[in-house]
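Each remark here refers to the structure printed beneath this line.
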Amino acid sequence: MPLALVDCNNFYVSCERVFNPKLEGVPVVVLSNNDGCVVSRSNEVKALGLKMAEPWFKVEKLAKQHGIIALSSNYALYGDLSARVMSILSTFTTRQEIYSIDECFLDLDGFDPQSLIAYGQTIRKTIKRNIGIPVCIGIADTKTLAKLANYCAKKQLAGENSVCDFGQLNEMQMSELFSGITAAEVWGVGPRINQKLRAMGIKTIEDLRTATPDKIRNQFSVVLERTINELNGFPCIELEDAETPRQQIMVSRSFGSSVTALEDLIESVAYFATRAAENLRQDGSVAASVCVYIRTSPFKETNQQYQQSKVVPLIRPTDDTMKLVGAALQGLKAIYRSGFYYKKSGVLLLGLQAKETLQATLFDDPASLAKSARLMSTMDAINQKMGAGSLTLAASGIQHRWAMRRENKSPNYTTNWDELPIVK
DNA sequence: ATGCTCCTGCGAA
DNA sequence: CTAACGTTCGCAGGAGCAT
């Protein structure tokens, strides 16, 4: 029955600290793509009151006065460290669900209920020693409660040493604890639902937990009804330890500065479609249609606004980069209008299905399908061996004038030999 | 009345 | 110096349409 939720502390900042000890003990933030918003903060930064998701340009001056170090995000590094953390965590259980880049659930069914805290401490020490990343652990009988226990561990509201097991608390202690936390902290309660709950007088987790599920279902949805049941210890959300292939793949980026020329948009769309196609082949899927979109910046209110998207169906579902890029560019040309300052473009692959289960049709040309498959696996092999982007379509361009800002990125310490710092 | 697809809203990290 | 505000995914539920 019991589950653990393991969550890495300030994950991106912690990853940077593993390879740069000078960042230890000082205020550090990691910015989102395009150096746009604050997405990871060290404890020192949280103590200064800097908020999550704050646009960097708004706080940059103040942050620098406090000596805050701002790093561009380095997803190659975070992804690699995440895989290592997850791999070690998998050895502590028979069933693991990787929920996000820095979180996973572990099934602790069958363990001695009295020894779970000690087990949690062992897990923490192992991750810290083997990878260098600090984690918090919440343990309870449902996913929603495990998330909450994790929150309590992190905030030191219950449990100790970053591990909190709700199994150790009695009814009284639970309701006292829940009376002191706002409903907004519950997994599944976002800003909108929280606002509506408050208007109904439901302010704390205890208020939410003791609400009538039927009424909540009518006023909100079946999702929130399940949340209430989960808060009361009745599991409604299964552990999903089997990986399911994605249903859609999206690659989009804001540009470093705005773009007006069709040529630049073509480059970016070809580039994003190429990335999307690589992800698609990794999943072993094919796409039935491609959606392309472009937009101006909604924050530049004085500029003329324009946003448009177009879905281009494919004659036959495919994972061929050239066909996918071709469809994306066809869509782009249909929606492009001159005279706007474009700030973002993106490509979505839709109608995904497993490549093996794809039905053959009367009009298939087996020879050309085989040729496409060989070409794609050759491209992937070359890029695998020589580094990402070694072999690309000319349509993706070389200059990338639209490339995102990334002014302070750390080296790819674990995924690129050329970026290893040389110790002399 | 039922079932499908498409689209929007919401939440999550 | 100026301009500068993320990305990707899934689910629920309603609209619209066909049967």
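Going by the numbering used here, the first residue of the first sequence is number 3, and it counts up by one from there.
Heads up, the beta-carbon is just placed ideally off N, CA and C, and yes, glycines get one too.
Computed from a predicted model, the values in this text were never measured in an experiment.
### Message
Please state the DSSP three-state secondary structure of TYR295.
### Response
As a working note, residue 295 is residue 293 in the first sequence. Assigned with DSSP and collapsed to three states, TYR295 falls in strand.
### Query
Is it a yes or a no for the segment 321 to 331 touching the segment 237 to 244, going by three-plus beta-carbon pairs under 8 angstroms?
No: the two stretches stay apart, fewer than three of their Cβ pairs being nearer than 8 angstroms.
### Query
PRO136 and ILE70: beta carbons closer than 7 angstroms?
The count along the first sequence starts at 1 and reaches residue 136 at position 134. The count along the first sequence starts at 1 and reaches residue 70 at position 68. In this structure, PRO136 lies away from ILE70, with their beta-carbon atoms at least 7 angstroms apart.
### Task
Consult DSSP for ILE204 and reduce its assignment to one of helix, strand or coil.
Position 202 of the first sequence holds residue 204. It is coil, neither helix nor strand.
### Task
Quick one: grab the DSSP three-state call for GLN307.
The residue labelled residue 307 in the question sits at position 305 within the first sequence. Per DSSP, reduced to three states, the secondary structure at GLN307 is coil, with no helix or strand assignment.
### Task
Starting from the Cα of ALA272, find the closest Cα among ALA396, ILE230 and ARG211 and give me that residue.
By one-based count along the first sequence, residue 272 stands at place 270. Checking every option, the nearest Cα to that of ALA272 belongs to ALA396.
### Message
With distance defined between alpha-carbon atoms, name the residue in THR323, LYS346 and ILE129 nearest to ARG376.
### Response
Numbered from 1 along the first sequence, position 374 holds the residue referred to as residue 376. Looking at the Cα atoms, THR323 is the closest of the given residues.
### Under the three-state DSSP convention, the category GLN249 falls into
For the purposes of this step, residue 249 is taken as the residue at position 247 of the first sequence. Per DSSP, reduced to three states, the secondary structure at GLN249 is coil, with no helix or strand assignment.
### Task
Note down the Cα distance separating GLY190 from GLN401, rounded to an integer number of angstroms.
If you number the first sequence from 1, residue 190 lands on position 188. If you number the first sequence from 1, residue 401 lands on position 399. One Cα belongs to GLY190, the other to GLN401, and the distance between them is close to 43 angstroms.
### Message
Under 8 angstroms, with one C-beta from each stretch per pair, do the segment 46 to 55 and the segment 90 to 108 reach the 3-pair mark?
### Response
The answer is no - the segment 90 to 108 does not touch the segment 46 to 55, with fewer than three Cβ pairs under 8 angstroms.
### Query
Alpha carbon to alpha carbon, how far is GLY140 from ASP109?
Within the first sequence, residue 140 is the residue found at index 138, counting from 1. Within the first sequence, residue 109 is the residue found at index 107, counting from 1. Cα-Cα distance, rounded: 12 angstroms.
### Query
Is it right to say GLU105 is buried, meaning 16 or more other beta carbons lie within 10 angstroms of its own, or is it exposed?
Within the first sequence, residue 105 is the residue found at index 103, counting from 1. Around the CB of GLU105, 16 or more other CB atoms lie within 10 Å, so the residue is classed as buried.
### Query
Measuring CA to CA, which of SER370, GLN116 and ALA356 is closest to THR246?
As a first step, residue 246 is located in the first sequence; it is residue number 244 there, counting from the start. THR246 has its Cα closest to that of ALA356, out of SER370, GLN116 and ALA356.
### Task
Tell me whether LEU422 sits in a helix, a strand or coil according to DSSP, three-state version.
As a working note, residue 422 is residue 420 in the first sequence. Annotated three-state conformation of LEU422 is coil, per DSSP.
### Message
Since LEU118 and ALA72 should fall inside the 8 angstroms C-beta cutoff, what is the C-beta to C-beta distance between them, to a whole number of angstroms?
### Response
Here the question's residue 118 lines up with position 116 in the first sequence. Here the question's residue 72 lines up with position 70 in the first sequence. Incorrect: roughly 39 angstroms between the Cβ atoms, too far for contact.
### Query
When burial is assigned at 16 or more other CB atoms within 10 Å of the CB, is GLN98 buried or exposed?
As a working note, residue 98 is residue 96 in the first sequence. The residue in question, GLN98, is buried, as its Cβ has 16 or more Cβ neighbours within 10 Å.
### Task
Identify whether ASP109 lies in helix, strand or coil by the three-state DSSP scheme.
Within the first sequence, residue 109 is the residue found at index 107, counting from 1. For ASP109, the three-state secondary structure derived from DSSP is strand.
### Message
Tell me the rounded alpha-carbon separation between LEU5 and ASP367.
### Response
Position 3 of the first sequence, counted from the start, is the residue given in the question as residue 5. Position 365 of the first sequence, counted from the start, is the residue given in the question as residue 367. Each residue's alpha carbon lies about 51 angstroms from the other.
### Message
Between which two residues does the alpha helix (DSSP H) holding GLY122 run?
### Response
Position 120 of the first sequence, counting from 1, holds the residue named residue 122. For GLY122, the enclosing alpha helix (DSSP H) stretches over residues 118 to 132.
### Message
Taking the beta carbon of SER181 as the centre, do at least 16 other beta carbons fall within 10 Å, making it buried, or is it exposed?
### Response
Counted from its first residue, the first sequence places residue 181 at position 179. Counting Cβ neighbours within 10 Å, SER181 comes out exposed, since fewer than 16 surround it.
### Query
Leaving out the 5 sequence neighbours to the left and right, which residues in its chain are closer than 7 angstroms to ARG248 when beta-carbon positions are compared?
Sequence index remark: in the first sequence, residue 248 carries index 246 (1-based). Around ARG248: ASP285 and LEU354.
### Query
Residue range of the alpha helix (DSSP H) that TYR344 falls in?
By one-based count along the first sequence, residue 344 stands at place 342. For TYR344, no alpha helix (DSSP H) run applies; the uninterrupted beta strand (DSSP E) run containing it begins and ends at 344 to 352, by DSSP.
### Task
Measure the beta-carbon distance from THR144 to GLY235 and round it to whole angstroms, keeping in mind my assumption that it falls under 8 angstroms.
Along the first sequence, one-based indexing puts residue 144 at 142. Along the first sequence, one-based indexing puts residue 235 at 233. Right, their Cβ atoms sit about 6 angstroms apart.
#### Entry: Same chain, Cβ closer than 7 angstroms to ASN410, neighbours up to 5 away in sequence not counted
In the first sequence, the residue the question calls residue 410 occupies position 408. Excluding positions up to five away in sequence, the list reads ALA72, LEU73 and SER74.
### Task
Alpha carbon to alpha carbon, how far is SER347 from THR262? Give it in angstroms, no decimals.
Here residue 262 is taken as the residue at index 260 of the first sequence, counted from 1. Here residue 347 is taken as the residue at index 345 of the first sequence, counted from 1. One C-alpha to the other measures close to 12 angstroms.
### Message
Do GLU280 and GLY399 have their beta-carbon atoms positioned less than 7 angstroms apart in this structure?
### Response
As a first step, residue 399 is located in the first sequence; it is residue number 397 there, counting from the start. As a first step, residue 280 is located in the first sequence; it is residue number 278 there, counting from the start. Their beta carbons are not under 7 angstroms apart, which means GLY399 does not touch GLU280 by this criterion.
### Message
Measuring alpha carbon to alpha carbon, tell me which residue in TRP58, THR96 and PHE107 is nearest VAL8.
### Response
If you number the first sequence from 1, residue 8 lands on position 6. Measuring from the Cα of VAL8, the nearest candidate turns out to be PHE107.
### Message
For the beta strand (DSSP E) containing ALA142, name the first residue and the last one.
### Response
Residue 142 sits at position 140 when you count from the first residue of the first sequence. Per DSSP, ALA142 belongs to the beta strand (DSSP E) from 137 to 142.
### Message
Given this structure, state the Cα-to-Cα distance separating ALA80 from TYR338, to the nearest angstrom.
### Response
For the purposes of this step, residue 80 is taken as the residue at position 78 of the first sequence. For the purposes of this step, residue 338 is taken as the residue at position 336 of the first sequence. Sequence inspection shows Tyr at residue 80; the Ala mentioned does not correspond to that position. About 35 angstroms.
#### Entry: Simplified DSSP assignment, three categories, for ASP9
Working through the first sequence from its first residue, we reach residue 9 at position 7. The answer is strand: DSSP assigns ASP9 an E or B state.
### Query
Beta carbon of ASP22, beta carbon of ARG407: below 7 angstroms?
Residue numbering aside, residue 22 sits at position 20 when the first sequence is read from its first letter. Residue numbering aside, residue 407 sits at position 405 when the first sequence is read from its first letter. In the sequence as displayed, the identity of residue 22 is Asn instead of Asp. Going by C-beta atoms, ASN22 is not nearer than 7 angstroms to ARG407.
#### Entry: Residues of its chain near VAL61, where Cβ-Cβ distance is below 8 angstroms and the 5 sequence neighbours each way are ignored
Within the first sequence, residue 61 is the residue found at index 59, counting from 1. Once the five neighbours on either side are set aside, the close Cβ partners of VAL61 are VAL40 and LEU52.
### Query
For LEU1, which of LYS66, ARG318 and VAL349 has the nearest alpha-carbon?
Outside the displayed range of the chain (3 to 426) lies residue 1, so it cannot be described from this structure.
### Query
Can you tell me whether LEU210 is buried or exposed, with buried defined as 16 or more other CB within 10 angstroms of its CB?
In the first sequence, the residue the question calls residue 210 occupies position 208. It counts as buried.
### Query
For SER84, which option in GLU18, TYR308 and LEU25 has the closest C-alpha, if you only look at C-alpha atoms?
Taking the first sequence and counting its residues from 1, the one referred to as residue 84 is at position 82. Minimum Cα distance to SER84 is reached at GLU18.
#### Entry: Counterpart residues of ARG43 in DSSP-defined beta bridges
To locate residue 43, count along the first sequence from 1; it is residue 41. VAL31.
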